[in-house]
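Worksheet for the structure shown next.
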Amino acid sequence: MKKLLALVVLLAFAFVLNACWPGEISVTTEFNADGSGTRYIILEVMDDTLSTEPITNPDDPEGTEGKGAVLNDKHIDGGVIAIQTWLEENAPDFITVHDATVDGYVRTFTMSYEFSSFEDFLDKYETLVNLSPNLSWDDFDATELPTLEVTGSFTKTLTFKESKAIVDASLDWAIDGIYNSIYNEADLAGFVTKADISVLANYSVTINEGSVEELRTYDAAAADGDFTGKVIFVESENFEVTGEFFNTTLLIIVILGVAVVGVGGFFVFKKIKK
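Quick note: the sequence shown uses the working numbering, first residue 3, plus one each step.
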C-alpha cells in the first residue's frame, strides 16, 4: 500500500513539474454602423514540439516556484496541430476556419464569421450556443444575452452589451468537442479536466472609434497559492461599448430634400410673379 501511495505521489509530482497550459482564447468583434460586422475567435496553444528548450510556465517566469515546463502536445492525440483538423471538420458552415499559423512555439488557430445585421449576429450566436451539448440559448436571461441599442439621427449611436457567460457558452461546442474527441483522457490521469484546457484570455469589441478590451496580463503581486505572481485573464462578467457614426446618408437626403423644396418654391414664386 505504501509503495502504491508513493507511486501516486511521484506521478502527481511529475505531472506538476511538467504541466499543460490552457489554450488562450481571444474573442474580437467589429461592428459597422448598420449592425453588420465580423467576429474572430482565436485560439493560441503552446506547442512544446516547436521548442528546442523547455517552455517556461507563464505563472512562473523566473522558474523559481517549481511549476515545471509546459507540455501540451503529448496530451492530444495527433498533437496540438490536430486541433486544426477537428475545427475544419466540426465548425458550422458559416464559420471560416483559417489556416493555422506558428509564431515561435505558439500555434494559432483562427475562426471568423461575418454577419449582415445584428439580427444575423444573434442567429449565428444562438446557433453556436445551441451546438453545446451542455448549454442552450434559453438557459440565459435578458441581462446575459447580447443586445445592440441604436439611437440618434444625424449622429447614430450604437451601444453593444453582452455577458462573459454567453461568450463562454458560444465557445463550448469547440471546447467540449476537442476535449472529448482528441484529448487523451488516460494520459491526463485525472489532473486536467475540460475546464482546464482553455481560458478566455482576451476580449475586445470595436464600434467605429469606440472600443472595449480586456487583455491577459501578468500580475507580479497576485496571490498564487504559496507564491505571488500569476497570469490574469478576462475577469469582467459583463461588457459594454458605445460607438458613434455620422449619418451621411440622412444628411444627403435632407440636403436633397431642402434643395428640391427650394427649387420648387423658386418656380412657384416665379409663376406667381408672372
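For each residue, glycine too, the CB sits at the ideal point set by N, CA and C.
Since the model is a prediction, treat every value here as computed from it, not as a measurement.
Which residue comes first and which comes last in the beta strand (DSSP E) that contains residue i?
i	result
Phe241	240 to 248
Lys166	Per DSSP, Lys166 belongs to no beta strand (DSSP E); it is in the alpha helix (DSSP H), 166 to 183.
Glu116	108 to 117
Thr230	229 to 234
Thr103	103 to 105
Would you say residue i and residue j are within 8 Å of each other, going by their C-beta atoms?
i	j	result
Ala35	Phe241	no
Val82	Val47	yes
Thr209	Gly245	Per the sequence shown, the amino acid found at residue 209 is Ile instead of Thr. Result yes, Cβ atoms of Ile209 and Gly245 sit closer than 8 Å.
Arg41	Tyr115	yes
Ile27	Leu173	yes
Tyr181	Lys196	yes
Trp88	Pro60	no
Thr58	Gly65	yes
Glu90	Val99	yes
Ser238	Trp175	no
Leu137	Ala171	yes
Gly179	Asn92	yes
Output needed for residue i: all residues of its chain with C-beta closer than 6 Å, excluding positions within five of it in sequence on either side, in chain order.
i	result
Val236	Leu202, Tyr205, Glu216
Asp79	Ile184, Asn186
Asp221	Ile234
Asp143	none
Ser165	Glu146, Asn240
Thr153	Thr159
Glu32	Gly39, Thr40, Thr208
In chain order, what residues of the same chain lie with their CB nearer than 8 Å to the CB of residue i, ignoring the 5 residues before and after it?
i	result
Ala224	Thr230, Gly231, Lys232, Ile234
Thr129	Pro94, Phe96
Ser213	Ser206, Val207, Val243, Gly245
I'd like the list of long-range same chain contacts for residue i, defined as Cβ closer than 7 Å, with 5 residues on each side in sequence excluded.
i	result
Thr51	Asp75, Gly81
Ala14	Residue placement at Ala14 cannot be trusted, given a pLDDT of 38 that sits under 50; the coordinates are not used to answer.
Trp139	Glu128, Val131, Asn132
Leu296	Here the chain comprises residues numbered 3 to 276, so residue 296 is not present and cannot be evaluated.
Gly102	In the sequence on display, residue 102 carries Ala and not Gly. Closer than 7 Å at the Cβ level, and outside the excluded window around Ala102, lie Ile83, Gln86, Arg109, Thr110, Phe111.
Gly25	Leu45, Glu46, Val47, Ile199, Ser200
Ser53	Tyr107
In the DSSP output, what is residue i paired with across the bridge?
i	result
Phe162	Leu150, Val243
Tyr205	Val29, Glu216
Gly39	Phe33, Phe117
Ser200	Gly25
Ala225	Thr230
Ile78	Tyr185
Ile97	DSSP lists no partner for Ile97.
Leu137	Looking at the DSSP assignment, Leu137 forms no beta bridge with any residue, so it has no partner.
For the alpha helix (DSSP H) holding residue i, just list the boundary residues, first then last.
i	result
Ala84	84 to 92
Glu343	Shown here, the chain extends from 3 to 276; a query on residue 343 therefore has no answer.
Check: Given 8 Å as the limit, is there contact between the stretch 113 to 124 and the stretch 34 to 49, that is, 3 or more CB pairs closer than that?
Finding: The stretch 113 to 124 vs the stretch 34 to 49: in contact.
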